[in-house]
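In what follows, a single structure is set out as structure tokens and then discussed.
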Amino acid sequence: MGKVKAAIVGSGNIGTDLMSKLEKSDAIELTAVIGIDEGSDGLKKAREKGYQTFSNGIQALVDQPEIADIVFDATSAKAHVRHAKILKELGKKVVDLTPAAVGPFFSPAVGTQFGDAPADNVNMITCGGQATIPMVRAVNDAADVAYAEIVATISSKSAGPGTRANIDEFTITTRRGIEEVGGADKGKTLIILNPADPPILMRNTIYCEVKNMDEQAVCESIYVMVKKVQEYVPGYRLKQEPLFDGNIVTIFLEVEGAGDYFPPYAGNLDIMTAAAARVGEDIARSMSVVS
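Residues in the sequence shown are numbered from 1 upward in steps of one, following the UniProt record's numbering.
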């Protein structure tokens, strides 16, 4: 099976970390990295690795659509709304790493809310969503979640301009993902940018109120889901055993990154880019089968 050509739009922290993931892929051939700042560290690293680089944004794909069949958008939610229309007209498959929520939500450990068939544009929700939604889904599968609340805490140093500009979209899209993919009847999301130095690892707290508590079934479901996520994010782990109090279960997670671009404390980058790479590879394989 031949590799499918792909390009990254966005040369910030997320796009640059994703580049490190895709260069190891056996299904995707990364051909280009596209940004808007010729002097960005991401475009510099891409040039050093021998990839084509462009600093004119989405126009690069309009001018040379043949450079990629799959496009990973690692820009911002507002930018992706515009990009999505252009990429659809160009007939590209899109993996959206912004919280724009143009396409259906996807978490590799869980799937989408409608099934696992790749859409033209799939949304990777958020880093907090990729970390916590599998846990909400695990609890829901065992005990029916009435309400789920998650708190994602990341190092301030790992939050670039795009992440900071998308805080509102982060909370809205992650809440929707908790409900639509995680299965909770109602969800709530909070994010904390912790300025501690040395930087902390990504930490997540998941609080679930359930209708049919079965502590053993819930624990077993959680452990199975943790292993599923660890298949593509080895640094994903429980901080302690789940806590139970009546119809409430609380889960504490941390995510250690692979250190591909940012240091390992940036687990929020790693879980997002690793999930996006996994989904992109699935799309590439489906495209190869069709062709």
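By construction, the Cβ of each residue, glycine as well, lies at the ideal position given by its N, Cα and C atoms. In this text, all values refer to a predicted model and were calculated from it rather than measured experimentally.
In this model, A258 and P99 are separated by some 23 Å (Cα to Cα). Contact annotation: R203 and E254 have beta-carbon atoms nearer than 7 Å. For L97, there is no enclosing alpha helix (DSSP H), as DSSP marks it with neither H nor E. M124 sits in coil when the DSSP states are folded into three classes, being neither helix nor strand. For the pair I34 and V4, the CB atoms are not nearer than the 7 Å cut-off. Taking C-beta atoms as the reference points, I251 and P242 count as a pair closer than 7 Å. Scanning the segment 128-195 for uninterrupted beta strand (DSSP E) segments of 3 residues or longer gives 145-155 and 186-194, listed from N- to C-terminal end. Comparing alpha-carbon positions, the option among H80, S76, I154 and I125 lying closest to Y265 turns out to be I154. Counted as a single uninterrupted DSSP element, the alpha helix (DSSP H) harbouring M225 occupies residues E215 to Q230. DSSP links T250 through a beta bridge to Y207 and L243.
Excluding five sequence positions before and after E215, the CB atoms of its chain that fall closer than 7 Å to its own CB belong to F244, given in chain order.
An exposed status is given to N212, since fewer than 16 other beta-carbon atoms sit within 10 Å of its beta-carbon.
Relative to A101, the option among F170, G160, A60 and A152 whose CA is nearest is F170.
In this model, I271 and G246 are separated by some 31 Å (Cα to Cα). Per DSSP, I34 is one residue of the beta strand (DSSP E) stretching across I28 to I34. Rounded to whole angstroms, the separation of the alpha carbons of F106 and N140 is 17 Å.
Taking C-beta atoms as the reference points, I206 and M135 count as a pair closer than 7 Å. Inclusion of I67 and A7 in the CB contact set at 7 Å is warranted, their separation being smaller than that value.
At a Cβ-Cβ threshold of 7 Å, T53 and L61 do not count as neighbours. Beyond the five residues adjoining it in sequence on each side, A165 comes within less than 7 Å, by CB distance, of S76 in the same chain, given in chain order.
At a Cβ-Cβ threshold of 7 Å, A184 and V145 count as neighbours. A straight-line Cα-Cα distance of about 8 Å links N13 and L269.
DSSP places Q59 in the uninterrupted alpha helix (DSSP H) bounded by Q59 to D63.
Looking at the DSSP output, Y236 sits in a beta bridge with V255. A109 is the residue among A109, E149 and I70 whose C-alpha sits nearest the C-alpha of A274.
Per DSSP, K24 lies in no beta strand (DSSP E) and is assigned neither H nor E. For Y232, the closest of C219, K188, E281 and I86 by C-alpha to C-alpha distance is E281.
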